[in-house]
Amino acid sequence: MKLLEKILLATDFSKPADNALQSAIAVAKMFHSKIILMHVFPEGQLSTLARDRVISATSEELQRIQVEIKAQGVEAPQTILEYGSPFVHIIQQADFIDANVIMLGSGEGNRLSVTAEKVMRKAHKPVWVVKAGFAPPFKKILCPVDFSEPSRRAVINAIHMARHFEAELNFLHVIQPVPKLYRKFGLAASNEHEGLEAEEQSQLERFLQGFDFHNVNWTTTIAHGEPTQEILLFLRRLGCDLLIMGTAGQNQHLLNFMGSVVEKIGRELPCSIVTVKAEDMIQLCLELALANIASHYQQGKKLLENGFAEEAICRFRYCIEVDPLFAPAWECLAETHKRLGHQAEAQKHLASAKEIRKRLWEQQVESEIRSHHQLWRKKQST
Numbered sequence: 002m003k004l005l006e007k008i009l010l011a012t013d014f015s016k017p018a019d020n021a022l023q024s025a026i027a028v029a030k031m032f033h034s035k036i037i038l039m040h041v042f043p044e045g046q047l048s049t050l051a052r053d054r055v056i057s058a059t060s061e062e063l064q065r066i067q068v069e070i071k072a073q074g075v076e077a078p079q080t081i082l083e084y085g086s087p088f089v090h091i092i093q094q095a096d097f098i099d100a101n102v103i104m105l106g107s108g109e110g111n112r113l114s115v116t117a118e119k120v121m122r123k124a125h126k127p128v129w130v131v132k133a134g135f136a137p138p139f140k141k142i143l144c145p146v147d148f149s150e151p152s153r154r155a156v157i158n159a160i161h162m163a164r165h166f167e168a169e170l171n172f173l174h175v176i177q178p179v180p181k182l183y184r185k186f187g188l189a190a191s192n193e194h195e196g197l198e199a200e201e202q203s204q205l206e207r208f209l210q211g212f213d214f215h216n217v218n219w220t221t222t223i224a225h226g227e228p229t230q231e232i233l234l235f236l237r238r239l240g241c242d243l244l245i246m247g248t249a250g251q252n253q254h255l256l257n258f259m260g261s262v263v264e265k266i267g268r269e270l271p272c273s274i275v276t277v278k279a280e281d282m283i284q285l286c287l288e289l290a291l292a293n294i295a296s297h298y299q300q301g302k303k304l305l306e307n308g309f310a311e312e313a314i315c316r317f318r319y320c321i322e323v324d325p326l327f328a329p330a331w332e333c334l335a336e337t338h339k340r341l342g343h344q345a346e347a348q349k350h351l352a353s354a355k356e357i358r359k360r361l362w363e364q365q366v367e368s369e370i371r372s373h374h375q376l377w378r379k380k381q382s383t
């Protein structure tokens with residue numbers, strides 16, 4: 002079972018790119034991922050002769066990095082060299098190899114590089130921009146939410162990252178001020194009204210209700226103000242290592258929250274950032290064939306541990322179909338339904354597990370008694 006199968010690591014051999022390399026290795030180790038290494042020559046900067054020499058030297062450098070990755074116990078099956086517009090080829094290659102995430106360095110200083118900014122803005126794939134000093138393991142993650150679909154994806158990925166790195170996860174929802182246009186209608190103070198905050202808090206709780214937060218330490222905060230400023234404020238106040246957020250909101254009145262906010266944050270880049278748009282970074286990749294009931298049971302437990310309850314149910318049901326007396330599968334099935342809020346189903350499966358264990362225990366006791374009873378031993382010998 003893999004949750005993050007492929008990382009496309011774009012490098013320009015700079016110091017920020019080295020930071021991205023170290024982060025990619027750490028993430029790959031955690032999720033058993035492959036790293037595909039890529040470099041793109043910018044257009045029109047080299048003559049044909051010079052380009053041939055640089056290509057040769059670059060190929061050697063890519064191979065050196067590939068060896069370094071493999072020495073860390075991470076699979077690095079290929080290196081890719083392209084010539085042209087860096088952000089265009091990075092995005093195209095991510096789609097071609099179906100990467101889970103594009104990872105690259107932030108650029109020099111505290112601002113996004115032109116390539117990182119364009120990849121983040123235009124790619125459909127999740128993008129992870131690594132800032133120096135903010136490599137895994139993470140201690141604190143911030144995930145802003147606006148109840149949109151990209152926001153929902155960001156929540157899913159933030160939960161997985163927090164669970165695997167045992168990081169504190171903080172959700173932030175920002176209530177924006179009423180536009181000046183409407184203040185003359187007496188709505189100037191409406192955003193500060195207790196009723197509005199209670200309504201937004203209730204909506205936030207409903208939005209987060211369907212997610213599996215087991216083994217995750219998480220909190221929620223409602224803030225009032227301009228989204229970019231509030232996000233930056235909370236990142237610094239909490240000392241977050243990682244920001245995970247959607248990049249295109251669906252709610253029209255909150256469009257700026259998920260649209261231009263990322264670009265504005267990139268101008269200061271207080272930490273590493275993951276943007277999620279049309280696809281999840283964390284995606285379940287199951288082994289198609291498992292050898293035996295024990296393998297199905299173990300994979301079911303892993304699925305449950307990683308928050309894939311529905312998929313886990315399929316594995317536990319397979320175990321029960323093969324062996325209806327396999328009590329551990331009944332117990333895990335009960336735990337899975339309990340986590341999904343299906344209390345009646347959970348109680349029924351737990352009762353089945355207890356009945357099976359009781360029956361097996363009685364059979365074991367009877368067998369022990371018979372093996373030691375004198376009359377039974379005489380009967381056996383005759």
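Everything in the sequence shown is counted per this note's numbering, starting at 2 for the first residue and increasing by one.
Note that CB positions come from ideal geometry on N, CA and C, so glycine has one too.
Open item on the list: Less than 6 angstroms between C-beta atoms, sequence neighbours within five positions excluded: which residues of the same chain meet that for F350?
Closed with: Inspection of the sequence shows that residue 350 is occupied by His rather than by Phe. If we look at H350 and ignore the five residues flanking it on each side, its Cβ neighbours are W331, L334 and A335.
Task: Euclidean distance between Cα positions of E206 and A155 - done: 16 angstroms
Open item on the list: Rounded to the nearest angstrom, what separates L255 and F148 at their Cα positions?
Closed with: Low confidence applies here, because L255 scores a pLDDT of 41, under 50, leaving its location unreliable and the question unanswered by this model.
Task: Collapsed DSSP secondary structure at C144 in the structure displayed - done: strand
- [ ] Pull up the distance between the alpha-carbon of I92 and that of V120, whole angstroms please.
- [x] 7 angstroms
TODO: Identify whether G106 lies in helix, strand or coil by the three-state DSSP scheme.
DONE: strand
Task: Residue environment, H297, which counts as buried when at least 16 other CB atoms sit within 10 Å - done: buried
- [ ] Determine, using beta-carbon pairs with one atom in the segment 231 to 248 and one in the segment 271 to 286, whether at least three such pairs fall under 8 angstroms.
- [x] yes
Task: Helix, strand or coil at H90 [DSSP, three-state] - done: helix
Open item on the list: Assuming contact is defined by CB atoms lying nearer than 8 angstroms, are P127 and G247 in contact in what I supplied?
Closed with: no
Open item on the list: On a Cα-Cα basis, can you pick out the residue from Q348, N216, E118 and D281 that is closest to S261?
Closed with: E118
Task: Beta-carbon gap between M1 and A25 smaller than 8 angstroms - done: It is not possible to answer for residue 1, since the shown part of the chain is limited to 2 through 383.
Task: For F14 and K123, the rounded distance between their alpha carbons - done: 23 angstroms
Open item on the list: Taking the beta carbon of A58 as the centre, do at least 16 other beta carbons fall within 10 Å, making it buried, or is it exposed?
Closed with: exposed
TODO: With a 10 Å radius around its C-beta and 16 neighbouring C-beta atoms as the bar for buried, classify L361 as buried or exposed.
DONE: exposed
Task: Spatial neighbours of F341 in its chain, beta-carbon cut-off 6 angstroms, leaving aside the 5 residues before and after - done: As written in the sequence, residue 341 is Leu, which differs from the Phe given in the question. Answer for L341: A310, listed in chain order.
Open item on the list: Assuming L9 and I37 are in contact, meaning their beta carbons sit under 8 angstroms apart, how far apart are those beta carbons, in whole angstroms?
Closed with: 5 angstroms
Open item on the list: Less than 8 angstroms between the C-beta atoms of A384 and H125, yes or no?
Closed with: Since the first residue shown for the chain is 2 and the last is 383, residue 384 is missing from the structure and cannot be characterised.
Task: Residues of its chain near N111, where Cβ-Cβ distance is below 7 angstroms and the 5 sequence neighbours each way are ignored - done: E269 and L270
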